[in-house]
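Each residue of the sequence shown is one higher than the one before, counting from 97 in our numbering.
Don't be surprised by glycine CBs; every beta carbon is placed ideally from N, CA and C.
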Amino acid sequence: MNKEADLHLHTIYSDGTLTPSELIKAAKEMGLSCIAVTDHDSVDGIEEAAAEADRLKVEMIPGVELSVDYKGREVHVLGYFIDYKEGWFLDMLAELRESRKRRFFEIVDKLKEHDVVLDEVRIARENENSALGRLHIAKEIYREGYTGSVKEAFVRYIGEGKPCYVKKDYLAPADAVSIIKKIGGISVIAHPHLLGDEGIVFDLIKEGIEGIEVYHFEHPKSVEEKYLAIALENGLLVTGGSDCHGQGKGELLLGRKRIPYDLVQGLKDFKNARES
Ligand code: AMP
Ligand code: FE
Ligand code: FE
Ligand code: ZN
């Protein structure tokens, strides 16, 4: 059987709902040979994922998903095969999570002004080990009955440009690329289609990004073909994944966007060539 991978997955250490062990077990059950753990601003789930992956004979790539600011727009950059034990990197992530916490309370305050009242103390306590984000808030808005869905919470309140949106502290694109490189990783622009502006991809290529997430659960086939062509024309690596947040977005997306293992091998060959 052809080996398949899903290289974009979140755990409870950011805004997913599965523990790293649960994620690996589910990946095994779905017949995935290789997965990457890519939490937002956190690598705290990787050790546990690595142990379970070892036990169940699933290949686990240590990863991360960073947020960068590109001309006022939020862009996500994935890092693969990172040295997740590097001290200065861990300190940087801890700082980003602290700033996420401050922003969480700012968003909650704004929501109050719009008559959406959440129990911020409980939410912060329940997610004290997670990189707190808007998905945590959106789920609570929905749970308390203020909206008919998690998605609607973004559309009405906390999506970019909506009344209760608050920016995070972002890295500059070139910094994210060089930070990932410094810890031995490969930088990849995440779900470019969700940005709605293809120009960003070309600018990030100039900033040194090394790959494009061509395959993504929310990429239509025509979009995948377009970004595959862009990747090939620019000599970039190609990755893909489901961007599974556990049950965080209503359904388990794990394994619903699979890529052939050849693409994983491409990442490994690139890393080996760079290091030799
Ligand atoms: P944050 O990093 O706190 O700004 O939150 C961004 C996260 O919110 C993304 O990684 C997604 O998990 C989620 N998200 C953003 N926009 C939407 C949306 N329109 N619908 C559902 N989830 C979203
Ligand atoms: Fe997320
Ligand atoms: Fe993302
Ligand atoms: Zn993601």
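For residue i, which three-state DSSP category applies?
| i | result |
| --- | --- |
| H287 | coil |
| D293 | coil |
| S163 | strand |
| V133 | strand |
| P269 | helix |
| D102 | strand |
| P259 | coil |
| I237 | helix |
| G344 | coil |
| I355 | strand |
| G141 | coil |
| G307 | strand |
| V213 | coil |
| M126 | coil |
| N223 | coil |
| N330 | coil |
| K264 | coil |
| L231 | helix |
| I301 | helix |
| K181 | coil |
| M375 | Lying before the first or after the last residue shown, residue 375 is absent from the chain, which here runs from 97 to 372. |
| D111 | coil |
Do residue i and residue j have their CB atoms nearer than 9 Å?
| i | j | result |
| --- | --- | --- |
| L333 | L359 | yes |
| Y176 | G281 | yes |
| E314 | H289 | yes |
| L192 | I254 | no |
| L228 | F200 | yes |
| A268 | D165 | yes |
| D187 | V160 | no |
| E148 | I120 | yes |
| Y311 | I355 | yes |
| L128 | G351 | yes |
| G336 | E309 | yes |
| V173 | L291 | no |
| L105 | D265 | no |
| E240 | V273 | no |
| H341 | G141 | no |
| I326 | D179 | no |
| D102 | R196 | no |
Mark residue i as exposed unless 16 or more other C-beta atoms lie within 10 angstroms of its C-beta, in which case mark it buried.
| i | result |
| --- | --- |
| V213 | exposed |
| P316 | exposed |
| S318 | exposed |
| G307 | buried |
| V154 | buried |
| E236 | buried |
Could you tell me whether any non-hydrogen atom of ligand 3 is closer than 8 Å to the CB of residue i?
| i | result |
| --- | --- |
| H315 | no |
| H374 | In the structure displayed, the chain extends from 97 to 372; residue 374 sits before or after that span and is not available. |
| A272 | no |
| E161 | yes |
By DSSP's criteria, residue i is part of a beta bridge. Which residues make up the other side?
| i | result |
| --- | --- |
| G337 | H312 |
| H172 | S163 |
| M156 | I131 |
| P116 | Beta-bridge pairing links P116 to no other residue. |
| I282 | Y176 |
How about residue i: is its Cβ closer than 8 Å to a heavy atom in ligand 2?
| i | result |
| --- | --- |
| S117 | no |
| G337 | no |
| L350 | no |
| L290 | no |
| H341 | yes |
| S283 | no |
| D365 | no |
Closer than 8 Å to a non-hydrogen atom of ligand 4 - does that hold for the CB of residue i?
| i | result |
| --- | --- |
| T243 | no |
| T134 | yes |
| A369 | no |
| L286 | It is Ala, not Leu, that sits at residue 286 in the sequence shown. Yes - ligand 4 has a heavy atom lying nearer than 8 Å to the Cβ of A286. |
With a threshold of 8 Å (Cβ to nearest heavy atom), would residue i be considered close to ligand 1?
| i | result |
| --- | --- |
| K197 | no |
| H63 | Because residue 63 is not part of the residues shown, which for the chain are 97 to 372, the question remains open. |
| K206 | no |
| R230 | yes |
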